[in-house]
RNA sequence: GAUCGCGUAGCUCAAAUGGAUAGAGCAACUGCCUUCUAAGCAGUAGGUUACAGGUUCGAAUCCUGUCGUGAUCACCA
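Numbering (the working numbering), first residue to last: 6 to 588.
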């Protein structure tokens with residue numbers, strides 16, 4: 006039997022449990038990869054096993070330990086302490102692991118093959134994207150890549166909220182105060198141009214309330230916006246014309262921002278295309294007694310049993326609200342596409358909203374509700390508190406991207422050919438890694454005055470590590486006179502732990518990828534990539550890796566280095582970060 | 001007020017879903033560039049995991065309570 010075909014310790018343990026105790030372990034095997042103060046490279050925690058097997062812990066440990074050391078003859082050792090079965094890898098086992106990693110199948114995971122629709126970004130067509138959208142977009146993009154890499158078929162979709170009272174707000178402000186201006190005339194980015202009028206609307210609105218000390222609903226400018234909304238829904242030609250024009254300005258702006266971020270969507274949906282379908286569903290639901298009508302003609306659903314207030318579905322003037330459209334969208338998607346799952350990436354402030362949406366869909370008889378998932382992420386706070394886009398307390402996505410690229414320009418030491426792309430890649434690496442390394446369920450506090458770091462645990466650190474690796478490889482082939490591919494000598498033994506540490510951590514890659522995919526959490530992967538980089542830099546700074554006088558040893562190192570580079574590239578690409586061969 | 005989150009080093013974040021002595025980065029302080037990229041490496045210091053109970057072989061993680069903090073509760077989106 007060639008050692009190459011040996012299976013991992015984890016797999017053999019499963020076989021062992023069956024052989025010894027006739028257990029088809031359908032419970033989880035509690036393996037730990039973390040090395041603590043006790044020597045050992047992988048640990049099996051025995052407590053939970055002993056509950057299932059009902060034998061003394063020590064006996065079980067010794068039986069498993071003996072079984073495995075026999076199987077991996079001469080490759081591993083074991084010892085037991087306090088209910089922990091510790092395995093120690095010997096040199097041969099590292100070679101075996103390394104050979105497995107050199108096989109391209111090591112990177113390819115195929116454990117799921119679903120059709121998954123992922124909705125993210127979902128901007129309003131009345132103002133530019135801000136720092137919160139950036140988090141949303143980066144999480145969405147990265148999860149799409151991760152899910153795709155484990156075998157799924159992904160469709161990235163953005164829903165643009167292009168209709169409703171908020172759109173009419175910027176429209177009415179423009180009509181009254183800016184009708185002679187266009188983004189071309191003022192040389193503004195279209196989304197920022199329109200956003201200015203949205204902000205202006207609220208300034209005027211606040212003034213009116215203050216001045217006339219009236220109820221918010223009575224503010225003249227809001228009344229005008231409402232009339233405009235009604236006109237829009239009635240298909241008034243002039244209104245539609247302005248609406249189309251202003252939306253186009255905004256979309257052009259979005260397009261530039263997405264381009265800067267290297268983000269693309271497979272499909273874009275517009276609320277305006279679907280809201281009528283949503284309205285029909287509400288009206289049908291009313292006929293079937295799922296919803297009820299108030300005296301003023303507005304339509305509602307009773308959610309007392311679910312612990313929520315009654316929810317409005319259609320206004321008394323027959324114009325639709327946000328959820329009208331969302332009900333229609335969900336139903337439409339399941340009718341139109343063959344999908345196994347639908348994932349919404351939307352901030353946690355809408356947790357209840359999604360619970361309500363799912364409840365309504367269930368009441369409407371949609372059996373596929375269980376296939377929908379709301380991936381909720383925490384908000385981005387500024388150090389000064391919560392962002393308020395109406396009051397202008399926001400950091401726009403464009404500003405942030407611009408800032409990052411500028412910082413890269415300042416730090417660039419060497420002249421390079423592709424200056425602009427270089428700075429963009431550096432800036433974006435820092436930006437994307439900064440957001441993705443944090444668990445989506447945790448909030449991010451952003452300090453505009455501190456800006457995003459370029460040293461320490463950052464995307465730049467990983468870029469730097471990666472470019473070291475690639476330049477080492479080039480140098481190796483030049484200096485060691487080896488022209489064919491890497492050769493794995495059978496007698497690899499290093500005089501240090503650095504190489505072994507790298508092998509151990511890379512061994513975890515499939516596990517990490519799987520975990521990231523299952524939890525829809527890119528931060529697991531992001532933190533892991535950093536650990537890998539760190540292990541490599543330990544080696545790099547402490548050992549001379551390329552030496553023309555000892556080409557075999559250098560070659561052995563190169564195997565590890567090569568894999569490390571591949572892992573970094575693979576992993577970072579899954580975060581949506583491009584890697585550079587030179588820095 | 002009600003409901004749902006969150007609380008880990010001065011700051012920003014980890015911690016294998018209940019495992020062994022809670023780890024990194026920033027900031028501070030020491031060292032290391034004539035030698036493969038110092039955007040780096042080696043080290044020092046920094047913790048009663050908000051607090052109090054409970055569950056068990058074992059808790060930052062699960063349960064209860066208290067305090068702090070955030071989100072949601074609109075004919076807004």
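Glycine residues also receive a C-beta, built at the ideal position from the N, C-alpha and C atoms.
For residue j and residue i, the rounded distance between their alpha carbons
{"i": "residue 519", "j": "residue 526", "result": "10 angstroms"}
{"i": "residue 57", "j": "residue 25", "result": "13 angstroms"}
{"i": "residue 431", "j": "residue 148", "result": "22 angstroms"}
{"i": "residue 18", "j": "residue 77", "result": "11 angstroms"}
{"i": "residue 355", "j": "residue 47", "result": "42 angstroms"}
{"i": "residue 547", "j": "residue 539", "result": "12 angstroms"}
{"i": "residue 469", "j": "residue 16", "result": "36 angstroms"}
{"i": "residue 549", "j": "residue 144", "result": "39 angstroms"}
{"i": "residue 436", "j": "residue 464", "result": "8 angstroms"}
{"i": "residue 7", "j": "residue 14", "result": "Unreliable positioning characterises residue 7 in this predicted model, as indicated by a pLDDT of 35, which lies under 50. The coordinate reading is nonetheless provided below. Computed Cα separation, rounded: 16 angstroms."}
{"i": "residue 33", "j": "residue 103", "result": "26 angstroms"}
{"i": "residue 552", "j": "residue 477", "result": "11 angstroms"}
{"i": "residue 366", "j": "residue 503", "result": "55 angstroms"}
{"i": "residue 349", "j": "residue 164", "result": "10 angstroms"}
{"i": "residue 9", "j": "residue 400", "result": "Reliability fails at residue 9, whose pLDDT of 41 lies under 50, so the model's placement of it is uncertain and the value that follows must be treated cautiously. The straight-line gap from Cα to Cα measures roughly 54 angstroms."}
{"i": "residue 194", "j": "residue 263", "result": "13 angstroms"}
Three-state class that DSSP yields for residue i in the structure shown
{"i": "residue 352", "result": "strand"}
{"i": "residue 297", "result": "strand"}
{"i": "residue 127", "result": "coil"}
{"i": "residue 274", "result": "strand"}
{"i": "residue 342", "result": "coil"}
{"i": "residue 572", "result": "helix"}
{"i": "residue 159", "result": "strand"}
{"i": "residue 112", "result": "coil"}
{"i": "residue 386", "result": "strand"}
{"i": "residue 82", "result": "strand"}
{"i": "residue 501", "result": "coil"}
{"i": "residue 459", "result": "coil"}
{"i": "residue 208", "result": "helix"}
{"i": "residue 450", "result": "strand"}
{"i": "residue 36", "result": "strand"}
{"i": "residue 72", "result": "helix"}
{"i": "residue 586", "result": "coil"}
{"i": "residue 411", "result": "helix"}
{"i": "residue 377", "result": "strand"}
{"i": "residue 269", "result": "coil"}
{"i": "residue 401", "result": "strand"}
{"i": "residue 8", "result": "For residue 8, the predicted model reports a pLDDT of 38, less than 50, meaning its position is unreliable; a value from the coordinates is still stated below. Residue state, collapsed to three classes: helix."}
{"i": "residue 347", "result": "strand"}
{"i": "residue 550", "result": "coil"}
{"i": "residue 580", "result": "coil"}
Extent of the continuous alpha helix (DSSP H) run through residue i
{"i": "residue 537", "result": "527-547"}
{"i": "residue 311", "result": "Looking at the DSSP string, residue 311 is not in any alpha helix (DSSP H), and its letter there is neither H nor E."}
{"i": "residue 369", "result": "Unbroken run through residue 369: none, as it is neither H nor E."}
{"i": "residue 316", "result": "Counting along the chain, residue 316 falls outside any alpha helix (DSSP H), though it belongs to the beta strand (DSSP E) covering 316-319."}
{"i": "residue 43", "result": "Neither: residue 43 is in no alpha helix (DSSP H) and is coded neither H nor E."}
{"i": "residue 15", "result": "14-26"}
{"i": "residue 428", "result": "424-441"}
{"i": "residue 478", "result": "464-484"}
{"i": "residue 188", "result": "188-191"}
{"i": "residue 141", "result": "136-154"}
Anticipated Cβ contact below 8 angstroms, residue i with residue j, distance rounded
{"i": "residue 1", "j": "residue 511", "result": "Missing from the structure shown is residue 1; the chain here goes from 6 to 588 and no further."}
{"i": "residue 533", "j": "residue 576", "result": "7 angstroms"}
{"i": "residue 162", "j": "residue 121", "result": "Not really, about 11 angstroms apart at Cβ, beyond 8 angstroms."}
{"i": "residue 408", "j": "residue 456", "result": "6 angstroms"}
{"i": "residue 363", "j": "residue 374", "result": "5 angstroms"}
{"i": "residue 521", "j": "residue 529", "result": "4 angstroms"}
{"i": "residue 226", "j": "residue 177", "result": "7 angstroms"}
Residue interval of the beta strand (DSSP E) (run including residue i)
{"i": "residue 48", "result": "47-50"}
{"i": "residue 89", "result": "89-94"}
{"i": "residue 516", "result": "Where residue 516 is concerned, there is no enclosing beta strand (DSSP E), although the alpha helix (DSSP H) it sits in stretches over 514-524."}
{"i": "residue 306", "result": "304-306"}
Segment contact, 8 angstroms Cβ cut-off, at least three pairs: the stretch 122-141 with the stretch 167-175: yes
Touch test, the stretch 80-88 against the stretch 308-316, Cβ-Cβ under 8 angstroms, three pairs minimum: no
Meets three-Cβ-pair contact criterion under 8 angstroms: the stretch 214-226 and the stretch 425-439: no
Meets three-Cβ-pair contact criterion under 8 angstroms: the stretch 320-338 and the stretch 280-297: yes
Meets three-Cβ-pair contact criterion under 8 angstroms: the stretch 246-258 and the stretch 184-199: yes
Validate contact between the stretch 202-219 and the stretch 271-286 using beta carbons, cut 8 angstroms, 3 pairs: no
Touching by the beta-carbon criterion (3+ pairs, under 8 angstroms), the stretch 317-324 and the stretch 254-273: no
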